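Here this note's numbering is used: the first residue of the sequence shown is 1, the next is one more, and so on.
A virtual CB, placed ideally from N, CA and C, is assigned to each residue, including glycine.
Remember, predicted model here, so these are calculated numbers, not experimental data.
Comments concern the structure below.
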Amino acid sequence: MIKNILEYGDQAVLLDFGDEIKKEINQNVIFVFKKLKQIIEENKIPGIQNIIPSYNKLVIQFDLNLTKLDQIHQLISIVKNEKIEINFKPKKIEIPICYDLEYGIDLERLVQITKLNLEEIVETHLKTNFYVYMLGFMPGFPYMGDLDPKLYSKRLTTPRVEIDEGSVIIVEEFCAIYPYKSPGGWNIIGKTPLRLFNQNHLNPNLINPGDEVSFKKITKNEFLKIWKSNYESQN
1 MIKNILEYGD QAVLLDFGDE IKKEINQNVI FVFKKLKQII EENKIPGIQN IIPSYNKLVI
61 QFDLNLTKLD QIHQLISIVK NEKIEINFKP KKIEIPICYD LEYGIDLERL VQITKLNLEE
121 IVETHLKTNF YVYMLGFMPG FPYMGDLDPK LYSKRLTTPR VEIDEGSVII VEEFCAIYPY
181 KSPGGWNIIG KTPLRLFNQN HLNPNLINPG DEVSFKKITK NEFLKIWKSN YESQN
């Protein structure tokens, strides 16, 4: 499961699960991530500042004033000996999306790239159940795979200065959603009216690693109604 354990600076340890980006490897990462959090909370272990999972790595950050490297290795050894429970049931999340060309500003360009028509692009995207590998880049930003190869496309040669929050984007085998406005070079195919991150909630992320995400097509009018309730009414 864990291929290697490396010191990552003087206040962090990196757990290496392999080099590939595969669902099976990522499930190992998430299993260890959840087990570590459970052990730390149950035993009130001090000094753990953050546990950060990625596609195939996991970083444990700690405060040297409160804990030592040996204690971190002891913690890891407990998890290494745990029985792996990979067959956990993922949380399934349905995300509404509007593919109107006002929001899906790269759809017509993707027609040229993929040789599919607009309806085929939308239907292919809607039929995909996406697995959430990790959160990164910004709070609540989900890296989701595995996109149907028919929709594979490269990043833009020149990234956009600003992409609206809620924009649904694809590149290569991945799909993601912007929680906030940000620069970016992925292909924009639509927009969701849901908030992906709310710092006022106990669990601020709408989507978390290990979840499964599917998309539901909505009209522009439906989008505007939900958007107003989620954004404008809270401003």
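- Residue pairing by DSSP puts L6 in a beta bridge opposite L14.
- Straight across, the Cα-Cα distance linking W186 with V111 is about 15 Å.
- Here F130 is near E212, since their CB atoms are less than 8 Å apart.
- Restricting attention to beta strand (DSSP E) runs no shorter than 3 residues, the stretch 154-219 encloses them at 160-163, 167-171, 174-177, 182-184, 187-191 and 212-217, ordered along the chain.
- For the 8 Å CB-CB criterion, D106 and I40 do not form a contact.
- The shortest CA-to-CA distance from K150 to any of F197, K115 and I52 is the one to K115.
- N26 sits buried, since 16 or more C-beta atoms from the chains shown fall within 10 Å of its C-beta.
- The Cβ-Cβ distance between P183 and P159 falls below 8 Å.
- Counting other Cβ atoms within 10 Å of its Cβ, L75 reaches 16 or more and is therefore classed as buried.
- For I72, the uninterrupted alpha helix (DSSP H) run begins and ends at L69 to K80, by DSSP.
- For K57, no alpha helix (DSSP H) encloses it; the enclosing beta strand (DSSP E) starts and ends at K57 to F62.
- Per DSSP, N26 is one residue of the alpha helix (DSSP H) stretching across K23 to N43.
- L135: member of the beta strand (DSSP E) spanning F130 to L135, first to last residue.
- Put simply, of E232, E165, T157 and I2 the residue whose alpha carbon is nearest the alpha carbon of E24 is I2.
- Excluding the 5 residues flanking it on each side, F215 has same chain C-beta neighbours closer than 6 Å at I95, I97 and L126, in chain order.
- DSSP, read as helix, strand or coil, puts N50 in strand.
- Between the C-alpha atoms of E20 and N56 there is a straight-line separation of about 7 Å.
- Beta-bridge partners of Y143 (DSSP): M134.
- DSSP places I121 inside the alpha helix (DSSP H), whose first and last residues are L118 to L126.
- Residue environment for I121: buried (at least 16 other C-beta atoms within 10 angstroms of its C-beta).
- Contact annotation, P179 with E165: C-beta distance approximately 6 Å; criterion of less than 8 Å satisfied.
- Rounded to the nearest whole angstrom, the C-alpha separation of I113 and G145 is 20 Å.
- In chain order, I95, P96, G166, L206, I226 and N230 place their CB closer than 8 Å to the CB of L194, counting only its own chain and leaving out the 5 sequence neighbours on each side.
- L64 and I48 have their C-alpha atoms some 9 Å from each other.
- In this structure G9 is exposed. Its beta-carbon is surrounded by fewer than 16 other beta-carbon atoms within 10 angstroms.
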